[in-house]
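Worksheet for the structure shown next.
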Amino acid sequence: MRKISKKVILTGSFCVGKTSLISRFVYRRFPFGYQTTLGVRIDRKVVTLKDLELNMIIWDIGGEQTQSRVPESYYLGSSGVIYVFDMSRPSSFFNMIDDLQFIKRKLPKAPIITVGNKIDLLDERTLGEVKGLLPTTVEFFTSAKEGTNVENVFLKLAQEMINGYS
1 MRKISKKVIL TGSFCVGKTS LISRFVYRRF PFGYQTTLGV RIDRKVVTLK DLELNMIIWD
61 IGGEQTQSRV PESYYLGSSG VIYVFDMSRP SSFFNMIDDL QFIKRKLPKA PIITVGNKID
121 LLDERTLGEV KGLLPTTVEF FTSAKEGTNV ENVFLKLAQE MINGYS
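In the numbering used here, the protein residues as written are 1 to 166.
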């Protein structure tokens, strides 16, 4: 079986649930109580895709108001990006278009998955209303607390990162 490693970054505004998504994916648990990420925190998880073992080196980047405030060194060597915002806090997606354009300029070949997190905090009607406010297409709506779609996010990114790998 072939083995490769790829760096993944989770980025977005502060307090959107990046650390919780990683904890749910890597450790299968939800961390109750807010954990501020200062700088960057690194975890890893190995996923198997067909005949390939992918070591995902996951960088949890501390939240910033805009991506232009994230140190450039955090982007270096990244093969994939998960951009997270909080569905219950519209201010967390006001800069989404600019943020995604900024990331695409920094990492033009890296796949970017957009994730609306914390859907467990909204009822169906409010969830629909918030979806209507989103400035761009969102690929996944998740709940790190309940585990909804978390695995799917990371596995889709893993597949997209290895599609060009030979």
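Don't be surprised by glycine CBs; every beta carbon is placed ideally from N, CA and C.
Looking at the secondary structure, which residues open and close the beta strand (DSSP E) in which residue i lies?
i, result
"residue 46", "40–49"
"residue 56", "52–61"
"residue 83", "78–86"
"residue 162", "Here residue 162 belongs to no beta strand (DSSP E); instead the alpha helix (DSSP H) covers 150–163."
Decide if residue i is buried, meaning its Cβ has at least 16 other Cβ atoms within 10 Å, or exposed.
i, result
"residue 73", "exposed"
"residue 76", "exposed"
"residue 86", "buried"
"residue 167", "Only positions 1 to 166 of the chain appear in this structure, which leaves residue 167 out of reach."
"residue 154", "buried"
"residue 99", "buried"
"residue 109", "exposed"
"residue 4", "exposed"
"residue 54", "buried"
"residue 42", "exposed"
What residue range does the alpha helix (DSSP H) around residue i cover?
i, result
"residue 104", "96–106"
"residue 11", "Premise fails: residue 11 lies in the beta strand (DSSP E), 2–12, not in any alpha helix (DSSP H)."
"residue 128", "124–133"
"residue 22", "18–27"
Run through the DSSP bridge pairs and tell me what residue i is partnered with.
i, result
"residue 73", "Answer is none; residue 73 lacks a bridge partner."
"residue 116", "85 and 141"
Would you kindly check if the distance between the Cβ of residue j and the Cβ of residue i is under 9 Å?
i, j, result
"residue 30", "residue 106", "no"
"residue 102", "residue 134", "no"
"residue 82", "residue 9", "yes"
"residue 142", "residue 150", "yes"
"residue 118", "residue 140", "no"
With 9 Å set as the bound, which would you pick, yes or no: does the beta-carbon of residue i sit closer than that to a beta-carbon of chain C?
i, result
"residue 143", "Looking at the structure shown, chain C is missing, and only one protein chain is on hand."
Quick one: any contact between the region 51–62 and the region 14–25, if contact means 3 or more CB pairs under 8 Å? With a cut-off of 8 Å, the region 14–25 and the region 51–62 count as touching, because enough Cβ pairs lie within range.
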